[in-house]
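Worksheet for the structure shown next.
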Amino acid sequence: MAKIIDGKKVAEEIKENLKVEVSEFREKNGFPPGLAVVQVGNNPASTAYVSFKQKACEQTGIYSVKHHLDESVSEEELLSLIGKLNSDSKIHGILVQLPLPEHIDEQKVISAIAPEKDVDGFHPVNVGRFVVGMEALLPCTPRGIIRLLESYGVETEGKHAVVVGRSNIVGKPAALMLLKKNATVSIAHRRTKNLAELTKSADILVVAVGRPGLVTGDMIKEGAVVIDVGINKVDGKLVGDVDFESASEKASLITPVPGGVGPMTIAMLLENTLQAARMLSENR
Ligand code: NAD
Numbered sequence: 001m002a003k004i005i006d007g008k009k010v011a012e013e014i015k016e017n018l019k020v021e022v023s024e025f026r027e028k029n030g031f032p033p034g035l036a037v038v039q040v041g042n043n044p045a046s047t048a049y050v051s052f053k054q055k056a057c058e059q060t061g062i063y064s065v066k067h068h069l070d071e072s073v074s075e076e077e078l079l080s081l082i083g084k085l086n087s088d089s090k091i092h093g094i095l096v097q098l099p100l101p102e103h104i105d106e107q108k109v110i111s112a113i114a115p116e117k118d119v120d121g122f123h124p125v126n127v128g129r130f131v132v133g134m135e136a137l138l139p140c141t142p143r144g145i146i147r148l149l150e151s152y153g154v155e156t157e158g159k160h161a162v163v164v165g166r167s168n169i170v171g172k173p174a175a176l177m178l179l180k181k182n183a184t185v186s187i188a189h190r191r192t193k194n195l196a197e198l199t200k201s202a203d204i205l206v207v208a209v210g211r212p213g214l215v216t217g218d219m220i221k222e223g224a225v226v227i228d229v230g231i232n233k234v235d236g237k238l239v240g241d242v243d244f245e246s247a248s249e250k251a252s253l254i255t256p257v258p259g260g261v262g263p264m265t266i267a268m269l270l271e272n273t274l275q276a277a278r279m280l281s282e283n284r
């Protein structure tokens, strides 16, 4: 029976440490790290995520401001707000909650954020810097995955890590981060043939797909570490992409949904905001 990876607890510990570091930053610089969160429209999931993020800022002493724009806002107006936030000295991190409405070009908006304020780590400059091994702001969810593995003493070097899903937000960066930690990495996606064959060879299995119960116990190697990134609502309940019950009979360690990767994503956003504030204040 698998041991449960308690992401909520690890995230709380990170936030406790951050409280101290944020207050030290404030004492040294005379102002707190500042995060601007931009929400377009009223997608209920986005509203919930934005409110979790703001609450976490409050908890740790990070200044946060929310810009809530109407669903019908033009791309120009959104880009102009980002321009203002880029030059606002109280703001060190800018987060545009995704997804954006269809009439707005998401990549254009992400690319308009100053890379040094890109606390989501989605800007092509940060992606590129990371790939070539330079200092960069890194995407929160995959950073959270790596921190969970580290917190539970999971060795990655030489291990076979299989990442299911290849999005720019989770799958691709998670695979690159595991590669940096010397795992041998395979990436599976919608067009992968024989998914079960591949997942069964994983020592570390990361699933970020958005399909409830896609991975079942019979697709998991005995003793594997299973990280379930999926967040799906089924009959009003949150479930992951992994069938928790059958998977926990095979895995040695497994993340629950909720309470696994989710809380870590927010903790990493706070760390990124502090990192951006430090970098910006050192370079002033
Ligand atoms: P996405 O839709 O952008 O990407 C899904 C990926 O899954 C694609 O690369 C696709 O090729 C792959 N895929 C789809 N069906 C597949 C199949 N049958 N077999 C193999 N691969 C398949 O999604 P995303 O943004 O990466 O998010 C994935 C999941 O993670 C969602 O449930 C999302 O809600 C969740 N998520 C959680 C957090 C968190 O903090 N815990 C953060 C971001 C996303």
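Going left to right, the sequence shown walks through residues 1 to 284 as the working numbering numbers them. Even for Gly, the Cβ is constructed at its ideal location relative to N, Cα and C. Since the structure is predicted, the reported quantities are computational estimates derived from the model, not experimental observations.
- In this structure, the CA atom of Lys237 is about 44 Å from the CA atom of Asn29.
- Assigned with DSSP and collapsed to three states, Ala175 falls in helix.
- Taking a cut-off of 8 Å on C-beta distances, the stretch 188-196 does not touch the stretch 143-154, as fewer than three cross pairs fall below it.
- Fully enclosed alpha helix (DSSP H) runs of no fewer than 4 residues occupy 75-86, 106-112, 124-131 of the stretch 62-149, in order along the chain.
- A residue is called buried once 16 or more other Cβ atoms fall within 10 Å of its Cβ, and Lys9, having fewer, is exposed.
- Rounded to whole angstroms, Asn232 and Gly260 show a C-alpha spacing of 14 Å.
- For the pair Arg166 and Pro173, the Cα-to-Cα distance works out to about 8 Å.
- Below 8 Å, enough C-beta pairs join the stretch 248-259 and the stretch 217-229 to call them touching: three or more.
- The continuous alpha helix (DSSP H) containing Leu198 extends over residues 195-199.
- Take the alpha-carbon of Val132 and the one of Glu71: they are about 37 Å apart.
- For Asn43, the Cβ stays outside the 8 Å cut-off from all heavy atoms of the ligand NAD.
- Straight through space, the alpha carbons of Ser89 and Ser64 are spaced by roughly 13 Å.
- For Pro263, the number of other beta carbons within 10 angstroms of its own is at least 16, and it is reported as buried.
- With a contact defined as Cβ atoms closer than 8 Å, Ala36 and His68 miss out at about 12 Å.
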